[in-house]
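Novice: In terms of my numbering, the first sequence is residues 1299 to 1965. We treat Cβ as the ideally placed atom computed from N, Cα and C, and that holds for glycine. Since we're looking at a predicted model, the values are computed, not measured.
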Amino acid sequence: MDASLSLTFPDGAKRPFPIGITGAAIAGGISPSLLKRTVAMALDGEVRDLSDPITADARIEFINREDPRALELIRHDCAHVLAEAVQELFPGTQVTIGPVIENGFFYDFHREQPFTLDDLPVIEKKMREVIARDRPFTKQEWSRYKARSFFETKGEAFKVELVDAIPADQTLKMYAQGDWIDLCRGPHMTSTGKVGNAFKLMKVAGAYWRGDSSKPMLTRIYGTAFARQEELDAHLKQIEEAEKRDHRKLGREMDLFHFQDEGPGTVFWHAKGWTMFQELIAYNRRRIRRDYEEVNAPQILDKSLWETSGHWGWYQENMFAVKSAHAFMNPKDESADQKVFALKPMNCPGHVQIFKHGLKSYRDLPIRIAEFGIVHRYEASGALHGLMRVRGFTQDDAHVFCTEEQLEAEIMKINDLMMSVYRDFGFTEVVVKLATRPEKRVGTDAMWDHAEAILRKALGRMEAESGGAIKTGVNEGEGTFYGPKFEYTLRDAIGRDWQCGTTQVDFNLPERFGAFYIGSDGEKKQPVMVHRAIVGSLERFLGIIIESHAGHFPLWLAPEQVLVCPITSDADAYAERVTEAMLAHGLRARADLRNEKINYKVREHSLAKVPVIIAVGKREADETTVTVRRLGSQAQTVMSLADCIASLTDEATPPDLKRAKAALAGG
RNA sequence: GCCGGCGUAGCACAGCGGUAGUGCAGCGGUUUUGUAAACCGAAGGUCGGGAGUUCGAUCCUCUCCGCCGGCACCA
1299 MDASLSLTFP DGAKRPFPIG ITGAAIAGGI SPSLLKRTVA MALDGEVRDL SDPITADARI
1359 EFINREDPRA LELIRHDCAH VLAEAVQELF PGTQVTIGPV IENGFFYDFH REQPFTLDDL
1419 PVIEKKMREV IARDRPFTKQ EWSRYKARSF FETKGEAFKV ELVDAIPADQ TLKMYAQGDW
1479 IDLCRGPHMT STGKVGNAFK LMKVAGAYWR GDSSKPMLTR IYGTAFARQE ELDAHLKQIE
1539 EAEKRDHRKL GREMDLFHFQ DEGPGTVFWH AKGWTMFQEL IAYNRRRIRR DYEEVNAPQI
1599 LDKSLWETSG HWGWYQENMF AVKSAHAFMN PKDESADQKV FALKPMNCPG HVQIFKHGLK
1659 SYRDLPIRIA EFGIVHRYEA SGALHGLMRV RGFTQDDAHV FCTEEQLEAE IMKINDLMMS
1719 VYRDFGFTEV VVKLATRPEK RVGTDAMWDH AEAILRKALG RMEAESGGAI KTGVNEGEGT
1779 FYGPKFEYTL RDAIGRDWQC GTTQVDFNLP ERFGAFYIGS DGEKKQPVMV HRAIVGSLER
1839 FLGIIIESHA GHFPLWLAPE QVLVCPITSD ADAYAERVTE AMLAHGLRAR ADLRNEKINY
1899 KVREHSLAKV PVIIAVGKRE ADETTVTVRR LGSQAQTVMS LADCIASLTD EATPPDLKRA
1959 KAALAGG
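#1: Give me the Cβ distance between ASP1694 and ALA1831, rounded to the nearest whole Å; I'm assuming they're in contact under 8 angstroms.
#2: Which residues share a DSSP beta bridge with ALA1831?
#3: Roughly how many whole angstroms lie between the Cα atoms of ALA1906 and ALA1532?
#4: Does the beta-carbon of ALA1696 have 16 or more other beta-carbons within 10 angstroms, so that it is buried, or is it exposed?
#5: Taking C-alpha atoms, which residue in ASP1375, ILE1912 and ASP1631 lies nearest to ILE1943?
#6: Between the alpha carbons of LEU1380 and PHE1404, how many angstroms are there, rounded?
#7: Can you tell which of ILE1709, HIS1568, ASP1416 and PRO1825 has the C-alpha that lies nearest to the C-alpha of SER1659?
#8: Name the DSSP beta bridge partners of HIS1486, please?
#9: Since TYR1520 is in the beta strand (DSSP E), which residue starts that stretch and which ends it?
#10: Kindly indicate which three-state DSSP category TRP1612 falls into: helix, strand or coil?
#11: Using DSSP's beta-bridge definition, name the partner residues of PRO1480.
#12: Is the separation between the beta-carbon of ALA1523 and that of GLY1396 shorter than 8 angstroms?
#13: State yes or no: is the C-beta of PRO1314 within less than 8 angstroms of the C-beta of SER1329?
#14: Beta carbon of GLY1849, beta carbon of LEU1516: below 8 angstroms?
#15: On the criterion of 16 or more Cβ atoms from any shown chain inside 10 Å, does GLN1797 qualify as buried, or is it exposed?
#16: What is the rounded straight-line gap between the Cα of VAL1638 and the Cα of ALA1950?
#17: Can you tell me whether LYS1642 is buried or exposed, with buried defined as 16 or more other CB within 10 angstroms of its CB?
#18: CA-CA distance, GLN1536 and LEU1530?
#19: Start and end of the beta strand (DSSP E) containing HIS1408?
#20: Taking VAL1502 as the reference, give the member of TYR1473, GLN1411, LEU1460 and GLU1427 with the closest Cα.
#21: GLU1359 lies in the beta strand (DSSP E); which residues open and close that run?
#22: How would you write the range of the beta strand (DSSP E) that LEU1305 sits in, first residue to last?
#23: Secondary structure at ARG1587, three-state DSSP: helix, strand or coil?
#24: Restricting to runs no shorter than 4 residues, where is the alpha helix (DSSP H) found entirely within the segment 1531–1583?
#25: On a CA-only basis, which of TRP1440, TYR1473 and GLU1528 is nearest ASP1467? Give me that one, please.
#26: Kindly identify the DSSP beta-bridge partner or partners of ASP1600.
#27: Nearest to ILE1665 by CA position, among TYR1590, GLU1737 and ARG1739, is which residue?
#28: Tell me, to the nearest whole angstrom, how far the beta carbon of VAL1393 is from that of PHE1407; I am working on the premise that it is less than 8 angstroms.
#29: If the criterion is Cβ atoms closer than 8 angstroms, does the pair SER1607 and ARG1810 meet it?
#30: So what does GLU1439 bridge to, in DSSP terms?
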């Protein structure tokens, strides 16, 4: 008799089994129906093929399709089914990889003629056939040689490359589903039928082999799958909802901004969008007034300055160069001014120049220079995306020049400010990641060691002192060419993550530009420079605000706060009086005196997402009251004009001012 | 930049080898209205730019530009 092992079941029962018994045998031994509904098992919490022989004592759980842990298997199996379907339909198509991703899976194929959207329904149909065949997934271990020659014979060049890339000490696992077989790490469910029908192919896209733009481009087919149809439907519905709050769509509908062909990646801010933009700047300006000096540096500067900073060398492809139009058109004309300027892609060199102007003492430090700096970067055409990725944008930028001793305190101070700003905009979940030295960089390793050590220490403090609001991590090799940085990522109302803030420690630019201060010993000292942006790009941040609120802005940000609508023209004069009173109290109010029914106006202003609609008729005029209707509610509230203004002005007070008011009131 | 798709009136969309329609908005009139669309009328477009094929191109081909979905990139 074989030696035995002991398995612990979820109910706590321990039972002995012969070594090498499979999960399937155990499940089948308990009951045929258990075996039937089990798609995989977990040994000590690790998901495994049900057919795996068990070789040691463990906790065993049987996983059915509805188990949350099965979702990944369903998606992964679905990717295999997709690959089989594609190869059956389109012989000669090469397979590469097909991983599970957030919300679904994809599979990358190589085919002379890339797939298009029209191919998806056909492929889906074939997938349903493959699933209906319900072939078991069977695992085999192959030698490297066998796998390599197998794929070579089939003309699967990419798979050959994958086989070669697997470390020599690892075994090669092949999963067969009927006649179709693929190199795969596993695990899989018991058969293709377990994938079910709650799947959908979503889109096709190009993707570079191994994520490398110098390598061939493959066709990626994205799909998603769920255990049950209702979950798939809910997911599709959610995508639809997300599309409705797309800032590009809302920007058009709400008349906030537009783009046009002549200015790719640059924003035409309309009055309403610009109102929000200015409100954002005003807020940020109030937040920095105490500690920073706000400056404004030139938009174009001689290219030599950018050579000194290193940007010209590292980022030339992404910079706009500027010459006189005459010189541009007549590059050979030596009598013309052929000087080349760069449209600034960053504010730091400008701020260094301001720092350098005049002798600085150690007593002056830290010097914090802020600018709502408009920068231009020539982003790749394919990178442009509404307000989220543009070629001209405004940074809430600042540079702190300080001593090394002051550095950590400055970083923590910046962190406090950032967290406070994010809270004011309703973002409470923040992830801060330390991005360490990249391959392409300037400065000595000693410098980097030092800078990273300081940031690491600060990172630990941030997490510890945040009371759980900050989670931290490390992005190896993701730092800037001149220094390591923190990246602040916010999670919005619908769970999407946005990288906004950044704090960068820089020992290099001050040196390159020869910036110094006079130390207490009378000697010249080099300051440390900290680059920081809180919301990053104001354009982008507004895009995030638009999407996370789906256009239903908090009152203080709403471009139009109040619309006053008379019921009939008899109340026009009163409506104007109400509007004037609101305007006088700083509210953004407007009277709608058009000859339209109240129904029409309510509908129109509701669709325009105006937060407050006020209707006034004879009744209100006689009593100096207003009838208030709030966006998102059908309720009508009658109140005195004075009360209404008092409550709206309070609500429209920006969060920072509200805090100050409350502090005052609290004594 | 790369792969695929798309580009028709301010917006949302039809259409198609014989130079274009619908709805909403806008404009003119009628209507004075109590909380999500009153009625009537007239008007509005070198069908993204350029070139080619054709007797004839919004439609087919090429090319450029832009946008969309991804990939790559993001100081």
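Specialist: In terms of the structure at hand:
#1: Going by Cβ atoms, the distance from ASP1694 to ALA1831 rounds to 6 angstroms, so yes, they are a contact pair.
#2: ASP1695 and THR1800
#3: 27 angstroms
#4: buried
#5: When each option's Cα is compared against that of ILE1943, the closest is ILE1912.
#6: Answer to the nearest angstrom: the Cα atoms are 9 angstroms apart.
#7: PRO1825
#8: Note: HIS1486 sits in no beta bridge, so no partner.
#9: 1515–1523
#10: helix
#11: One point to set straight first is that residue 1480 is Asp, not Pro, in the sequence displayed. Its beta-bridge partners are TYR1473.
#12: no
#13: No, Cβ-Cβ distance for PRO1314 and SER1329 is not below 8 angstroms.
#14: No, they are not a contact pair.
#15: With fewer than 16 Cβ atoms within 10 Å of its Cβ, GLN1797 is classed as exposed.
#16: 47 angstroms
#17: Counting Cβ neighbours within 10 Å, LYS1642 comes out buried, since at least 16 surround it.
#18: 10 angstroms
#19: 1402–1408
#20: Out of TYR1473, GLN1411, LEU1460 and GLU1427, GLN1411 has the C-alpha closest to the C-alpha of VAL1502.
#21: 1356–1362
#22: Per DSSP, LEU1305 belongs to the beta strand (DSSP E) from 1302–1306.
#23: coil
#24: 1545–1551
#25: Comparing Cα-Cα distances from ASP1467 to each of TRP1440, TYR1473 and GLU1528, the minimum goes to TRP1440.
#26: PHE1639
#27: TYR1590
#28: 6 angstroms
#29: Yes, Cβ-Cβ distance for SER1607 and ARG1810 is below 8 angstroms.
#30: LYS1471
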